[in-house]
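Down below is the structure, laid out as structure tokens.
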Amino acid sequence: MALNNQEKIILERQINGLAAQRPGKGSLLSYSTTLDKVILLISFTCAILGGILNPLIAVIYGQTVGIFGSYSGSSLSHADARRQIVTYSLYWVYLSVAIFVLIYTATVGFYYVGERTARALRNAYLKSIIRQNMAFFDTHEPGQVSTRIMSDMTHVQEGITSKLSIAVTAMACFSSSFVIALIVHWKTALVLSPAFVIMTLVGSLAGARIVKYHKEAKLANEKASSLAQEAIASVRHVYALGIQRHLAERYQSFLDNAGKHNRKALYIMSVVIAWSQAVPPLVHALTFWAGSQFLVQGNMTVGQITTIALVVVIGVFAIVRISPAAQALANTVSSASVILGEMARRSPQDPFDASGGTVDDFRGSVELCGVNLVYPKRPDARVMKDVSFRCPALKTTAIVGASGSGKSSIINLLQRFYEPTGGQILVDGADIQSLNIRWLRSQMGLVKQQPVLFDTTIFENITYELLNQQVIAVAKMANAHDFISALPDGYQTRVGENATQLSGGQKQRIAIARALMRDPKILLLDEATSALDTGSEAAVQLALSKAAHDRTTIVIAHRLSTIRHADNIVVMSEGCVVEQGTHANLIARDGHYARLVHAQQVEGELGVQDDDLEDEIATESVVGPILEDEVLPTSKTESRGDQHIPIVTITEEIKPNGWGLGKTLALIIQWNKAERWMLLLGLVCSIFAGLALPGQSVVFAKALDVLSLTASDYGTLRSQVNLLAGIYLVVAFVTFLLWVGVGHACAYTADRLAQSVRNGCFRSIMSQDVEYFDQKAHSTGSLLSTLSTSIDALIGLSSPVMGGSLTFICTILGGIVIAVALGWKLALACTATLPLVVACGWVRLQMLAIFDAHTRQNGIDAASYAAEIVKSVSTVASLGLEEFVLGRYDGFLAKQSEKSFRSILLASSLYAASQSVVYLASALAFWYGGTLLLEGEYSLFQIYVCYTTLISGAQIAGSVFSFAPDASKAIHASWEIDSILKIGNNSISREETDEERDKSAEKSPKHVAKYTHIEFQNVSFSYPTRKTRLALDNFSLKIGSGQFVALVGPSGCGKSTALSLVERFYRPDAGTVLIEGRDLALCDIDEHRRSISLVSQEAAMFSTSIRENVAMGLPGEEVSDQDIWNACRQANIETFIKSLPDGLSTLVGPGGCMLSGGQKQRVEIARALLRDPRILLLDEATSALDAESEAAVQEALELASRHRTTVAVAHRLSTIRNADLICVLDRGRIVESGSHEDLVRKKGRYAALLELQDLR
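Residues 1 to 1256 (UniProt numbering) are what the sequence shown spells out, left to right.
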């Protein structure tokens, strides 16, 4: 199909958005207030000053070495030496106080601004997402948006709050070190400058590559996240198809691809870190070699050499601290660039755009004038072709036709979800493209074929305003008040994620009430009663007919009984209008419409006059009187007056007592046991790398001692310095190799840990009972958060951090041993300061763990809510709830922010203390060391060794606890992950391993795979979340082998529940379900489900091709295209698929969004037929089909049912009249049963339902 230029422009605009970008929001700073920017400036200043002051330790140390050298050389008196020692010791104290104040201020400021900026960014991102047009969501996987909200936003927040502060301080320290080196002795500094330049270049080049690989890994992880979201959201279909293993393998393949790129980034980072660790000994070798020459020439002092040697080391250590922070900031930059890029997209249909006009005295007439439509995702298929018809104001217009003929596309165009590629749509004579989009949607009330309800109360699903009386009124109009009132919490009952706590009919009635609550001028009903039982349908249809008296109504229907009284009926076929007129006129023409009506007529012995219908419904009191003063019942635990926007807590438990860092580290090692040898290599390299620094300290002290030789020994001085420089070169080489080993081993094990834990969690989630997903704590959003954010947090404390921490610990312990061996008095005095550093860090770690648990709880709540909104974005747009959902989302974020600031104040003070106390330790070391020197107890070498090893150890101890935020997040994450992994083996739904399956096959009778006889014996069952109400009550039914049994009755009577028990989604509370005489609870679950095909009311499509969707139930078997085409032919969808340019290879989009409801249901029917099951379960299998498709598919299903046991749930009685047994259910019991003819003769409940569907 060729598109003209105008059509190409329209499609391009919908896919890529408008060309002009919104100004001023291109950086993270643009989401900060003026106050935030001021605080950020102060924080930057403090961080920079803190970094600048840090190298002063080298200056003071150099001066002190000069004092010691002068005293040893007898050029300084005892009294002067003591006075100067006291003076310089006080300089350490002053420096400590300054560092504390600066680091504390910077840390608090960065956390404060980071929290507020991240909150503003989260709000802005969600706003930018829900303002997008539907074409955006057609081309973006749901997991991509969820990843942005859950994982990427966390990276951005962490980058601002903690990593940026560390990086800025370290960079300032690095720069200050170089400047001080130049000031002290510029010639030596210039000799050493190539080391700084090379390190900077290496870091810059490596950083660019790291960002590149992180982006590639992120794309692969997003695909994995999308798959997980689809699987969890459609878990019942996944279980019914038995594709858990297939999905887990696809999930693993995405993780493998992500891991390949992630390892490349980590390997580059490890080389950079190894280089930065090898530079200090190289610099020391060069410093002492060059410095000794300047010293011999009289151009340099020992103190200057010492200062430069130390200041360079401090600068290098700053680079080491930058490395992990730089990796986190690389993630931040990568995440922020993607987020800001998506936020810059300008939607062509923006509900927040105030432009566009309105219509005064709006009446609601609609006219389509030569409308053409091509969906952006399928540019090769023209969905609507020159469609023209009028919908007069205050009249009812019905649109009928085959599935995929373009009916629902008209609704999409009226709501401006898409733009027509040709023609115009007018409302009251105004082109809808010129009208304000939010105003336009506010004039419409839409009820879709598969209504979307939010995971909140029934009341809030109908309205978010305090209008109790009106809610009851519209609920009664929608025939929903009675079933709502019967629930334990009434209107305050939570519907659960995907409204799994309600039947299809109940969901549809709530959606109808929601539409009526808006009192729209135009009522759009897209198969609005398809999920209702006959009695409810008739009652609701009567209410809708009454509601239509003062509004324009456009009805899309396959049940032609619902539109026979329409003022105009438009018949569509293949995107064109082929007929229109009244019911009587179209019947008289004997054309398309007449054939559709004939296909739906029920043959029976009963008839009913049209006039009798309204009287019968009215007298049944299905729609009771609306009391003006009736008060809405509320739950005992919640008062709407107290809280207008209730915040729902998803995470119910924070963390069990006794779960700390040790347990977390033990679990990381346990989960990494498959890579234990690589992990062991990394840990061994870490130990030796840690011991290398105390060894360097001894060489350093020896060099200072040698440099203190008098002029008469300069020959010896030069030779010994050359020897020490050679030793430093060897140390540098060995250090580089050790750190490469540490980095590569830790990078590999960390990545493998991430993959194995993610894969294990996904497999465990996919093995849980269905009731696990009914719990509010296990919503799709919260489980996805665990798979992304929690596992990211765990990796933050995995091998790289463990290796680094072990290295630092070995450095500290090695330094203590050497210092005690050479000078125990000074060693013990300096070591006494270490517990203070450790205590500050440990208390901070524990406090951050508690803080993170609380913030994580609120973060999961917010992420889950955002994920639900994104998934239901078309419903949000249709209802005009954009502002409301943003307000509620901000409520979650505000709750999180309020709890965090007080904890951050204390945590920051502890962190600042751990960083500044090292200077107090230096004051003690030099004061006491100087005293020992003056008293003749210690030599210069002993003092230098003790100071260098122990003070470096104290400094490193402070660095260890810079990982405290990572550790605190990992502690709670490990508990979440362990909880999921443990319950994987305690489920009736889990897939068995090959070994377990073999054992099960040995124990089970060989005929289990051939069972077809089903029996319910006194079964009682209530859903886990509603234990007070029985869904089945002492239910007994025998279904013979090969028998076709139909279950009918009002919505919520237990029909679908019976099918769920046959699928073994749940276990009965009492009684037994028998399969071929054997308790279903004892049967092999995989074998059982392989023998069943389920066609549900809401068809589940996976984001892949039509071919894979049809063959989805047979992932491990060879399925030929011929077999697939045969199944598609039986399901009456072969012609449609062949009309598509890519045929079976056509991608259906997320959730099958590129297919109509009828097309999706036919694909699912084809899938069921291809499985060739022994038991066929049909839950409203043809509810979304047009009459002609229904007739063809029904014939195929009836033919298929002759060779297998079939259980059908149906509201359309025409589809089950040939059943061997029809059972009428009410309140979980069978109240009537028999064949169609028998039940008609009884003139009972079945006959009454039949009368309401008779079209004659």
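By construction, the Cβ of each residue, glycine as well, lies at the ideal position given by its N, Cα and C atoms.
Roughly how far, in whole angstroms, is the beta-carbon of residue i from the beta-carbon of residue j, given that I think they are within contact range, below 8 Å?
i, j, result
"Glu230", "Ser1103", "6 Å"
"Pro348", "Gly17", "6 Å"
"Ala701", "Phe317", "Actually they are not in contact, since the Cβ atoms of Ala701 and Phe317 sit about 18 Å apart, beyond 8 Å."
"Met517", "Val474", "5 Å"
"Ala711", "Phe288", "That pair is no contact at about 18 Å."
"Leu90", "Leu53", "With a Cβ gap of about 15 Å, Leu90 and Leu53 do not count as contacting."
Out of curiosity, what's the CA-to-CA distance linking residue i and residue j?
i, j, result
"Arg1245", "Ala1219", "17 Å"
"Ala393", "Val427", "9 Å"
"Leu704", "Trp927", "19 Å"
"Arg441", "Arg514", "14 Å"
"Asp1086", "Leu1080", "12 Å"
"residue 1262", "Val108", "Residue coverage of the chain in this structure runs from 1 to 1256, which leaves residue 1262 outside it and unanswerable."
"Leu933", "Arg82", "10 Å"
"Leu1239", "Val1224", "10 Å"
"Ile10", "Gly370", "16 Å"
"Ser922", "Ser32", "40 Å"
"Gly298", "Tyr714", "11 Å"
"Leu920", "Leu691", "25 Å"
"Asn257", "Ala894", "37 Å"
"Gln14", "Pro420", "11 Å"
"Ala594", "Ser1214", "17 Å"
"Asp36", "Thr117", "8 Å"
"Lys776", "Val452", "17 Å"
Helix, strand or coil for residue i, going by three-state DSSP, please let me know.
i, result
"Asp1033", "strand"
"residue 1257", "Nothing can be reported for residue 1257: it is not among the residues displayed for the chain, which extend from 1 to 1256."
"Arg436", "Inspection of the sequence shows that residue 436 is occupied by Asn rather than by Arg. If DSSP states are grouped into helix, strand and coil, Asn436 belongs with coil."
"Ser872", "coil"
"Asn372", "strand"
"Cys1223", "strand"
"Thr1206", "strand"
"Cys391", "strand"
"Gly444", "In the sequence on display, residue 444 carries Met and not Gly. Strand at Met444."
"Met1112", "coil"
"Ile563", "coil"
"Val495", "coil"
"Gln63", "helix"
"Gly591", "coil"
"Gly315", "helix"
"Thr552", "strand"
"Glu367", "strand"
"Val1119", "coil"
"Asp431", "strand"
Would you call residue i buried or exposed, if buried means 16 or more other Cβ atoms sit within 10 Å of its Cβ?
i, result
"Glu342", "buried"
"Pro1141", "exposed"
"Pro194", "exposed"
"Ala868", "Reading off the sequence shown, one finds Glu at residue 868, where the question assumed Ala. Glu868 should be labelled buried."
"Ser337", "exposed"
"Val731", "buried"
"Glu1237", "exposed"
"Ile198", "exposed"
"Leu201", "exposed"
"Glu996", "In this predicted model, Glu996 has a pLDDT of only 45, less than 50, meaning its place in the structure is not dependable enough to derive any value."
Requested in this report: Return the chain-ordered ranges of every alpha helix (DSSP H) run that is complete within the stretch 659 to 716 and spans a minimum of 4 residues.
Outcome: For the stretch 659 to 716, whole alpha helix (DSSP H) runs of length 4 or above, ordered along the chain, are 661 to 671, 676 to 707.
Query raised in the report: Where are the alpha helix (DSSP H) runs, 4 residues long or more, that stay fully inside the stretch 451 to 486, in chain order?
Result: DSSP runs (the alpha helix (DSSP H)) wholly in the stretch 451 to 486: 458 to 462, 468 to 477, 481 to 486.
**Report entry** Start-end ranges of the alpha helix (DSSP H) lying completely within the stretch 1017 to 1076, minimum 4 residues
**Finding:** For secondary structure counted as the alpha helix (DSSP H) over 4 or more consecutive residues, the stretch 1017 to 1076 holds these complete runs in sequence order: 1055 to 1062.
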